[in-house]
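Chemist: If you read the sequence shown in my numbering, its first letter stands for residue 245, the second for the next number, and so on.
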Amino acid sequence: MLISLSLYAIPESDLDNLNGWGDLTHSKKADPDYSTVFNQNEVLTMKVYIDEDDWGAMINDLNSYNTRLRDIAIDPIWVEADVVFEETLWENVGIRFKGNSSLRSVAQSGNEKFSFKLDFDRYEDDYPEIDNQRFYGFNQLNLNNNFSDTSFMHEKLASDLFREFGLVSAQTSYCALSIDHGEGLQYFGLYTIVEEMDDTVIETQLGDDSGNLYKPDGPAASFQWGSYNEEELDKKNNSKEGDYSDVEALYNIINSKSQAVNIERWKKDLEEVFNVDGFLKWLAVNTTIHNWDTYGNSTRNYYLYNHPDTKQLNWIPWDNNEALSTSRKGRLYDFDYTGLSSAWPLITHILDDEEYRAIYKNYVEEFSHTEFDPEKVMARIDDFYNLIKPYVEAEESGYTFLRSTRDFESSIETLKEHVLARSRAAKEYTGYRLNR
């Protein structure tokens, strides 16, 4: 049944044809349905209905931020919306803009292709009938606009490559998004749906989400000596305990002078609190694909999760829209990290050790011959291209980052060239004979 008549301009004739609450689609009792929400063979079609005044409030709130000062974080307001997917209705869903510098850029350009976050039970206190509402088992979803990526594939490919090489990484899929905020449905373009880390990723991939989860952002995220600041570590759960001892221990050990005095003791202490092997594996993948907008060049875009079984903090990549980029920003382009500033001790101090550097190098070699094999990646790019092309070509002025569809075509060719170049660079770094 439908809970109530929608407030957000869904035509009454359409309401009559929509399905309402169902246990498999709406209930918390249902397990996350990855085959539906993260379908790899289809582009999902989603419609969102927002009251005109609420949309105006979202825009006014965004305009209230001083966009000239890049150090002011944007904390967008939530409003209510209705969501329709596969002839089924979710009512009173929370929606807000998401992003920071990318959100500013979109707003300043006059483009309306914003990124969004959906929270399906945010308003359950106001509407008890939607208590613990879910979207096929998911509480929150991110709708990313593929800002600065006219191939529409950087986030998707990077997330898949991390996960398929054995690292924790959010699932992704494609979505054709239309929004009605008072003037009828408007196609907002092709989006990438990204699974929310503190919703389903940890429990699904690591089996237990009760440990501390952090999303560092700011100088403290560098782990440089003197930068420790709990306010910048952004604890996503267990906040009532206020216990930061695990991440503080990593901060102290990675900067400890004992590395120069007793390297084996330092490594033992480090491995007790930090999954060093997992970090080296991430670093190998991240460097090979060239993902510059993260640790080593910027103090953001990763999570740390303390698994209760191992008591180790695990490194988890996040926000990969700048991955697979041809930009040479930072030192993340160079495999050996020669000249990387000591401001990034988790890289420089760990790679100072010959054993750790050898492990990192082996992971570069393994990755470049398995998941990052050019033939394999090219086939995947072609599959995605055929899947999303009609939805890319349907994007309209004011809701796209493309000047023309030629931008999309050329970006695909650039992406393929980048894959070949990084594959060759990885093999040169590891000493693999290219002609054998």
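All C-beta atoms, glycine included, are put in the ideal place defined by N, C-alpha and C.
(1) Check this for me: beta carbons of I603 and D513, under 8 Å apart or not?
(2) Throw me the rounded Cβ distance for the K357 and K342 pair, which I believe falls under 8 Å.
(3) Hey, would you say Y367 sits closer than 8 Å to N386, going by beta carbons?
(4) Should Q352 be labelled buried (16 or more other beta-carbon atoms within 10 Å of its own) or exposed?
(5) Would you identify the three-state DSSP class for W469, choosing helix, strand or coil?
(6) Could you tell me if D363 is buried or exposed, where buried requires 16 or more neighbouring beta carbons within 10 angstroms of its beta carbon?
(7) On the three-state DSSP scale, how would you describe Y547?
(8) For M290 and F652, what's the separation of their Cα atoms in angstroms?
(9) Go through its chain and collect everything with a Cβ distance to I437's Cβ below 8 Å, but skip five positions before and after it.
(10) Identify, in the order they occur along the chain, each residue of the same chain with its Cβ nearer than 7 Å to the Cβ of V412, setting aside the five sequence neighbours on each side.
(11) With DSSP collapsed to three states, give me the class of K525.
(12) Using CA atoms only, rank isn't needed, just tell me which of F579, V323, S585, M622 is closest to K605.
(13) Given G410, which residues of its chain have a CB within under 8 Å of its CB, disregarding the five upstream and five downstream residues?
(14) Starting from W299 and walking both ways along the alpha helix (DSSP H), at which residues does that stretch end?
(15) Taking just the CA atoms, how far does N550 sit from K480?
(16) Under DSSP, the alpha helix (DSSP H) around T592 begins and ends at which residues?
(17) Starting from T644, trace the alpha helix (DSSP H) both ways and give me its first and last residue.
(18) Does the separation of the CB atoms of H398 and L568 fall below 8 Å?
(19) With a threshold of 16 other CB atoms inside 10 Å of the CB of L313, please say whether the residue is buried or exposed.
Modeler: Short version:
(1) Mapped onto the sequence shown, residue 603 falls at position 359. Mapped onto the sequence shown, residue 513 falls at position 269. It is not a contact, given that the beta carbons lie outside the stated cut-off.
(2) Mapped onto the sequence shown, residue 357 falls at position 113. Mapped onto the sequence shown, residue 342 falls at position 98. Between K342 and K357 the Cβ distance is about 13 Å, and since that is not below 8 Å, they are no contact.
(3) Counting from one through the sequence shown, the residue named residue 367 turns up at place 123. Counting from one through the sequence shown, the residue named residue 386 turns up at place 142. Against a cut-off of 8 Å, the Cβ pair of N386 and Y367 comes out as no contact.
(4) Position 108 of the sequence shown, counted from the start, is the residue given in the question as residue 352. Q352 should be labelled exposed.
(5) In the sequence shown, the residue the question calls residue 469 occupies position 225. Residue state, collapsed to three classes: coil.
(6) As a first step, residue 363 is located in the sequence shown; it is residue number 119 there, counting from the start. Classification for D363: buried.
(7) Residue mapping note: residue 547 aligns to position 303 of the sequence shown, counting from 1. Three-state result, Y547: strand.
(8) Counted from its first residue, the sequence shown places residue 290 at position 46. Counted from its first residue, the sequence shown places residue 652 at position 408. M290 and F652: Cα-Cα distance of roughly 22 Å.
(9) Start at 1 with the first residue of the sequence shown, and residue 437 comes out as number 193. Only V281, F282, L288, L385, N386, L387, N388, T416, S417, Y418, C419 meet the Cβ criterion.
(10) Within the sequence shown, the letter at position 168 stands for residue 412. Taken in chain order, the residues that qualify are V445, Q449, L450, N558, I560.
(11) Numbered from its first residue, the sequence shown carries residue 525 at position 281. Correct three-state label for K525: helix.
(12) Here residue 605 refers to the residue found at position 361 of the sequence shown. The residue with the shortest Cα to Cα distance from K605 is F579.
(13) Position 166 of the sequence shown, counted from the start, is the residue given in the question as residue 410. Here the set comprises K525.
(14) The residue given as residue 299 occupies position 55 in the sequence shown. That run of the alpha helix (DSSP H) goes 296–307.
(15) As a working note, residue 480 is residue 236 in the sequence shown. As a working note, residue 550 is residue 306 in the sequence shown. Each residue's Cα considered, the two are about 12 Å apart.
(16) For this step, residue 592 is matched to residue 348 along the sequence shown. Run containing T592: 589–595, per the alpha helix (DSSP H) assignment.
(17) Along the sequence shown, one-based indexing puts residue 644 at 400. Careful: T644 lies outside any alpha helix (DSSP H) and carries neither H nor E.
(18) Residue numbering aside, residue 398 sits at position 154 when the sequence shown is read from its first letter. Residue numbering aside, residue 568 sits at position 324 when the sequence shown is read from its first letter. Yes, these two residues count as a Cβ contact at 8 Å.
(19) The residue given as residue 313 occupies position 69 in the sequence shown. Reliability fails at L313, whose pLDDT of 49 lies under 50, so the model's placement of it is uncertain and no value is given.
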